Amino acid sequence: MSKFYHITTYGCQMNVHESEKIAGILSDLGYESCDDIEQADVAVFNTCCIRENAENHAFGNIGMLKKLKARKKDMIIAVGGCLPQQIGKAEILHRKFPFVDIIFGTHNLNRLRDMLFAKQHSKKPVIEIDESEGPICEEDKILRTSYPNAWINITYGCNNFCTYCIVPYVRGRERSRKADDILQEAEELVRAGYKEITLLGQNVNSYRDPETGMPFYGLLEKVANIGGKFRLRFMTSHPKDFSEELAKVIARNGKICNLVHLPVQSGDDDILKAMNRKYTRSDYLEKLAVLKKYVPDCAVTTDIIVGFPGETEEQFLNTLSLVKEAGFSSAFTFVYSPREGTVAARMKNQVSDEVSKDRIMRLVELVNAQTREISKTYIGKTVEILCEGYDEKKKCYLGRDEYGRMGYFKSDKNLIGEFVDIKIFDANGVSLMGELMH
Ligand code: SAH
Ligand code: SF4
Ligand code: F3S
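Residue numbers (numbering that gives the first Met the number 0): 0 to 437.
What follows is the structure in structure tokens.
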């Protein structure tokens, strides 16, 4: 009898990539992927807990499986990722959802084979949450699902302890992979035909090769020097560690995309201090000036939180003015969500939902207006797109330019995985419409 698996992924790119590792483990065990959870013999939920809504979403979807599990008693349901890694959460999950068979933390992913085996031989649920500082979960059976793009982990964990953030508590201390292993993985991916590589970490700028001490910009340049045509991206960069050397490396290597995701979080110095971000508004703008000095056309995207405890209207206005001054080409915007165990969750002066909602709306409006302005400048230009998929609704192929802008175009031929030139004739918000050039 064929065996099927289904994975539901929440959260950041690192989690999406970890689902590719989980898929690799399951297919190595003889399971085949399926779209319909009803057909699955194993269902894995790879969860996130960065904000309350991410957590609620996961809880809701796991809860809905109770009936399915009652009908399909042999089905194995596993819940992993950041949510159960929080202190006490695995017990809560187990109590709320006794039908869940396996619960595992972020440091236990490479034990999934053993956990499945243990579950097949036991009636009791298998719960493994490693509280250690966190080993490096190397998994070489990755089942990549995002051709022509591929992700490579270069660091795991985070030491920054921004006061609002749960990540350092659920991902352990920061550790870097060996540069030789990363280079080997990148070379294999280029050889296998992948056209875009993204180096992943919570804070890639603090990467250090454990063997030679080589910093991030050295690693980035080495990966860029691999032969063949491909694009190289990296995320995320913490502004405090963003260096002039890195800007120079981006400038002199054509394969490294002229796009930096540099989360600012707030434009107000007192809020930045309360967030423990370790830079001021002017430090941030200076870093951008250095980047633009070497890479004048570099696009900068960011993350912003509104409604951090104690944020006043004036402090919020400082964020709006920074968005204009920095000229972000797009931004991920979030309402602050208190996370149990973090310093900010214990702060007294939490901002009301009503005020936060009003602020996020004003911020989104500004960010969208800026994004639209930049989109308009594309009209009439020809841009190089890496074709990465087909949109069934729009009946168009799609892909991004080096600055991360999504372009859509019609073609009779399947061009997924190819670099193509398209001439932009229309721009709608973030997306561009173009005509394929021959
Ligand atoms: N390591 C990355 C980001 C990881 S989380 C970095 O430091 O930039 C992605 C984004 O989620 C953060 O940049 C932040 O803007 C947002 N975020 C993190 N914790 C949050 C919280 N408690 N409430 C709202 N947004 C949060
Ligand atoms: Fe969270 Fe800050 Fe670490 Fe990013 S740098 S993961 S926001 S603690
Ligand atoms: Fe979420 Fe964990 Fe990523 S909390 S954002 S999946 S590191």
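Where a beta carbon is used, it is the ideal one built from N, C-alpha and C, also for glycine. What you are looking at is a predicted structure, and each value in this text was computed from that prediction instead of being measured.
Alpha carbon to alpha carbon, how far is Ile-101 from Ala-368? Give it in angstroms, no decimals.
-> 46 Å
When DSSP labels each residue in this structure, what does Asp-100 get in the three-state scheme?
-> coil
How many angstroms separate the CA atom of Leu-199 from the CA atom of Leu-290?
-> 20 Å
Between the segment 191-208 and the segment 221-237, do three or more beta carbon pairs fall short of 8 Å?
-> yes
Just to confirm, does Gly-79 get its C-beta within under 7 Å of one of the non-hydrogen atoms of the ligand MN?
-> This structure lacks the ligand MN; its bound ligands are the ligand SAH, the ligand SF4 and the ligand F3S.
Beta-carbon proximity check, Cys-33 vs His-5, cutoff 8 Å = yes
If you run the structure through DSSP and keep just helix, strand and coil, what is Ala-191?
-> coil
Hey, quick one: how far does the beta strand (DSSP E) through Arg-110 stretch, first residue to last?
-> First-last for Arg-110: undefined, no H or E at that position.
Bridge partners of Ser-438, per DSSP?
-> As displayed, the chain neither begins before 0 nor continues past 437, which places residue 438 out of reach and without an answer.
Opposite Arg-230 in the DSSP bridges: which residues?
-> Glu-195
Give me the Cα-Cα distance between Ile-141 and Ala-22, rounded to the nearest whole angstrom.
-> 7 Å
Backbone CA spacing between Lys-286 and Ile-36 [nearest angstrom] = 47 Å
With 16 as the cutoff for other CB atoms within 10 Å, does Thr-376 come out buried or exposed?
-> exposed
Using alpha carbons as the reference points, say which of Lys-65, Asn-152 and Val-334 lies closest to Ala-445.
-> Nothing can be reported for residue 445, as the shown portion of the chain is limited to 0 through 437.
DSSP-derived helix/strand/coil call for Asn-148 = strand
Give a yes or no on contact between the segment 407-426 and the segment 379-392, applying the rule of three or more CB pairs nearer than 8 Å.
-> yes
Contacts around Ala-117, its chain only, beta-carbon distance under 8 Å, and the 5 residues preceding and following it disregarded | Val-125
Inter-residue CB distance, Leu-245 and Asn-204 (contact presumed, cutoff 8 Å) = 7 Å
Which ranges does the alpha helix (DSSP H) cover as unbroken runs of at least 4 residues, wholly within the segment 362-386, from first to last along the chain?
-> none
Euclidean distance between Cα positions of Lys-292 and Gly-379 = 27 Å
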